[in-house]
Each structure stands twice: as C-alpha cells, then as structure tokens.
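A.B. asks:
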Amino acid sequence: MATSPAPFSEIGKQVKEISLLCTDLLTKDYNFDQKFTFSVPSSSGMVSTKVTVNDILASTKAALSFNIPDHKSGKLDVHYLRNHATIDSSIGLNPTPLLEVAATLGNKDLSFGGEFWFDTTSSSFTRYSAAIGLNKADFSAALILMDKGKTLKASYIHTLNTLNGTAVAAEMTHRFSSYENSFTIGSSHVIDPYTSLKTRFSDNGKVAMLCQREWRPKSLITFSAEYDSKATDAAPKLDVHYLRDQVTMDSSIGLNPTPLLEVAATLGNKDLSVGSEFELDNTSDLFTKYNSGISFNKADFSASLILMDKGKALKLSYIHTLNPLNGTALAAEMTH
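So for the sequence shown, the working numbering puts the first residue at 886; every next one is plus one.
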C-alpha cells in the first residue's frame, strides 16, 4: 500500500541504509593494516524450500520455509501490512524456538518502530531496539536505540549535488554505560564516471582520504592515506589496493624518511589460491616479515599450506566436514 510504512527491517533498512550509506561513505575502500588471508567457502548441501500464502487473513501474508533434510530448520514468517502500520514476525518450528517481532508506524517519509527477539530456551529477550527515520529527496536522518538500550546512534547523509555525487555524512554514537561519545564525518565526490574521491575525519584524531579509479571493467586501483594527529610519533601512511579478476594486491608505506613497506598479493579463485606477503624496513634494509601460502577449498573440505616466520616454520591445516546436517567435522593442524 502506498500509504503504508516500510516494515521495521526497512525502517531498520531506511535507518540502517542511512547508517550503511554513512558507513559506506565513511569507511568503504579505506584499506589500512591489510592482512594476508585465504578465503574458505563452505556448502551445507541442503535443499531450501519456501511456501508462501497470500491473504491468509486480511492484509496478511504467511511463509513457511525449511531445509531438506534438516527437520529442525522449519520457520514460519507472518507479514501484516495495513495503511500506516506494518508488522513482521518469525518463529522457528522446533521445541525451543526463537521468536522475532518487528513493528513500524508511519509512511515513506517518516517512520518509527521497534523490534525484539525472544529466546524461549532461556525465556529472555536477546535483542531489542527502536528507531526513527526521516527521508527526503536530498537528505536522510536516523536515530537508533540499540544494544538493548545501551547505545544511541544518530546518522545523517546529505546529497549536495546529484550530478557529480557530492555528499556529506555524519555519524555519532553515545554509550550510556560509559558516557562515551564518538563521531565520524566524511564526504564523497564523483570526479568522473570512473573516478571517485572520499575524505573522512573521526573524533579519535584520524584523518583519511581515498581516491579510486576503475581503469578498465572490473579492474580497480585505490589510493588511500591516513594521518593520526594524536600519534605524534607515527608517520602518515599511504595504501594502494589493486583488484582485477583473479588478482588482488595490497601495499602500504609510511610517509617518512625510513618507511616500512608492506606488500601482499593473492592469485587464484574460490577453489585454489596462492599468495605471499612481506615487510621491508627501510631503516635496516631488512625484511622483517615474509610469508607465502597456498589454499585449496571444496564443498566438504579445505586445506592450506603456509610458509611463515621468514621461512622458519611450515604450517599445514586441514578441515573435513563429514556430515553437514549435524555439523560433524574433523580438523588437523601440523607445524614444523
């Protein structure tokens, strides 16, 4: 219905989108302190089934979902939509289910609501939160009471120019238990269809900027730098992130006369990947760290081999899922 508010997951979403937009503007693609990692995907091997019944009651829709053959995975969702009210509820179809309820009042411009999760096993509320969101064509604002009432977060984003994507965002968090306040402000600007620029400042004294360029389809190169005004003995850092198809490379260098250079690179795909990393201290002209590894991943098992500690140690890791239904798995790790 056009006059109905979005469900809480949406005020939530509207509020969280504002927060995510702020988060996206304030944090995305800033690549500091890169680590050398391997990704280990998994597969449950189950078949997901969902049955939906519309108008089971006036303005009410119900959906039953479950995974075959996991008999404890059943879940019933009920969605109610009426003019300026929306209610969503969900309950697991098992002896000790988790009950989730969310409600929203308002319209597409102004909405407020709350949600809670009730664990019947412990007879306790494991989560509850409330939010209010205001959305207009050029700006959005949100206020979220979260962490069981322990934290209050305010988010705001304003699009100054829709043609070049210029926007500013701010996010402030207050923690009632410690009376701590924190904030982050930032801006973004699209220079051309392939180049974007971001800036960010936080209450912890850190200032950062980022420039990202798509120099060919699916190929990005990102330059980001950060300066900590409170760490007078720490030099600013410049980070470069390169992403293309099956190649990822990260590098970082301190902006001082004798910088520490960090480089990490990975080649491969979700099944097989190889990579290495090193740190070069320009003060001593010595490698302070270098590691390399290979990882092999399948639906039911994963294995990796890492040469670490400057080649002084070799670590072999292996994990095998014997039964995805009950989570039975075996793991082994050997270091030489």
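From the three backbone atoms N, C-alpha and C, an ideal C-beta is built for every residue, glycine too.
On a predicted model such as this, the values are computed, not experimentally measured, just so you know.
1. Drop a sphere of 10 angstroms on the beta-carbon of S1104, count the other beta-carbons inside from all chains shown, and report buried for 16 or more, exposed for fewer.
2. Comparing alpha-carbon positions, which option in L995, A1119, A970 and E1000 lies nearest F1024?
3. Distance check for G1160 and M1178, CA to CA, integer angstroms please.
4. What are the boundary residues of the beta strand (DSSP E) that Q1131 is part of?
5. Among S975, V1148 and A1119, whose alpha-carbon lies nearest the alpha-carbon of N1141?
6. List the DSSP bridge partners of T1173.
7. How about K1122 and I1138: do their beta carbons lie closer than 9 Å?
8. Please classify D1124: does DSSP put it in a helix, a strand, or coil?
9. Name the residue from K935, H964, G977 and L1128 whose alpha carbon lies nearest to the alpha carbon of Q1097.
10. If I measure Cβ to Cβ from D940 and keep anything under 8 Å in the same chain, skipping five residues before and after, which residues do I get?
11. Does the separation of the CB atoms of T1069 and A1052 fall below 9 Å?
12. Closer than 9 Å, CB to CB, is V938 near chain D or not?
13. Between which two residues does the beta strand (DSSP E) carrying A1026 extend?
14. Roughly how far, in whole angstroms, is the beta-carbon of S950 from the beta-carbon of K960, given that I think they are within contact range, below 8 Å?
15. Taking S944 as the reference, give the member of K957, K935, D955 and A970 with the closest Cα.
16. CB F837 to CB Y1203, shorter than 9 Å?
17. Return the first residue and the last residue of the beta strand (DSSP E) that F1003 is part of.
18. Could you compute how far the alpha carbon of V1217 sits from the alpha carbon of W1002?
19. Any idea what DSSP makes of N1182, helix, strand or coil?
20. If you compare alpha carbons, which of N1066, T1220, Y965 and P1102 is closest to D1088?
21. Where are the beta strand (DSSP E) runs, 3 residues long or more, that stay fully inside the segment 1025-1071, in chain order?
22. Look at N979 and K957 and say whether their C-beta atoms are less than 9 Å apart.
23. Quick one: what does DSSP say L1146 is sitting in, helix, strand or coil?
24. Among the candidates V963, G1018 and D1135, whose CA atom is the shortest distance from the CA of A987?
25. If you draw a straight line from the C-alpha of L1045 to the C-alpha of V1075, how long is it?
26. I'd like the list of long-range same chain contacts for F1172, defined as Cβ closer than 6 Å, with 5 residues on each side in sequence excluded.
C.D. replies: Quick look at the numbers:
1. exposed
2. L995
3. A small correction: the amino acid at residue 1178 is Gly; Met does not occupy that position in the sequence shown. Cα to Cα, the separation comes out at about 6 Å.
4. Element bounds for Q1131: n/a, residue is neither H nor E.
5. A1119
6. According to DSSP, T1173 bridges with nothing at all.
7. yes
8. strand
9. L1128
10. K946
11. no
12. The structure shown contains no chain D; it holds only a single protein chain.
13. F1024 to M1031
14. 5 Å
15. A970
16. Any answer about residue 837 is impossible in this case: the structure gives the chain only from 886 up to 1221.
17. L995 to D1004
18. Correcting the residue type first, residue 1217 is Ala in the shown sequence and not Val. C-alpha separation (whole angstroms): 37 Å.
19. strand
20. N1066
21. 1036-1046 and 1051-1060
22. yes
23. strand
24. V963
25. 12 Å
26. F1163 and L1165
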